[in-house]
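Next comes the structure, spelled out in structure tokens:
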């Protein structure tokens, strides 16, 4: 199992159900991916705004909880997420980038964006997150 598969195993059921994927990860940076499915579309045939919000939230959180190989995994919870909807799409994939832009021992801040397969900007966000303790899953 590679590192990204290992991290994916600890993701919540919702993120797994949505098939949000971590495809790049380093300190203060995450790259994410999701294939658009018919279930993600609204009545107008475009990706539902809630999907954008959830994907941005996932992307932001992963940027803030990076840990090196062998380090204790970190978790977080969202305190605030401001989203800006820029453009719509109904096909292809969502490509996310999250950048941790500040914070301290317990709170951190991340900006993120979603682009489509043609690199068009679809949405942006700015989030505030709190580090949480990893729960024992035994």
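Numbering (UniProt numbering), first residue to last: 1 to 138. C-beta atoms are modelled at their ideal positions from N, C-alpha and C, and glycine is treated no differently.
Three-way DSSP call (helix, strand, coil) for residue i in this model
| i | result |
| --- | --- |
| residue 97 | strand |
| residue 70 | coil |
| residue 138 | Residue placement at residue 138 cannot be trusted, given a pLDDT of 45 that sits under 50; the coordinates are not used to answer. |
| residue 102 | strand |
| residue 17 | helix |
| residue 1 | Because residue 1 carries a pLDDT of 49, less than 50, the predicted location of this residue cannot be relied on, and no value is offered for it. |
Which residues DSSP lists as bridging residue i, in chain order
| i | result |
| --- | --- |
| residue 121 | 115 |
| residue 76 | 131 |
| residue 84 | 124 |
| residue 24 | 31 |
| residue 107 | 130 |
| residue 65 | Residue 65 pairs with nothing; no bridge assigned. |
| residue 56 | DSSP output for residue 56 lists no bridge partner at all. |
| residue 47 | 41 |
Inter-residue CB distance, residue i and residue j (contact presumed, cutoff 8 Å)
| i | j | result |
| --- | --- | --- |
| residue 96 | residue 114 | 5 Å |
| residue 102 | residue 109 | 5 Å |
| residue 139 | residue 81 | Any answer about residue 139 is impossible in this case: the structure gives the chain only from 1 up to 138. |
| residue 94 | residue 34 | 5 Å |
| residue 77 | residue 30 | Their Cβ separation, rounded to whole angstroms, is 16 Å, which puts residue 77 and residue 30 out of contact at 8 Å. |
- Query: Do the region 63-75 and the region 41-49 make contact, defined as three or more Cβ pairs closer than 8 Å?
  - Reply: In this structure the region 63-75 does not touch the region 41-49; the number of beta carbon pairs closer than 8 Å is below three.
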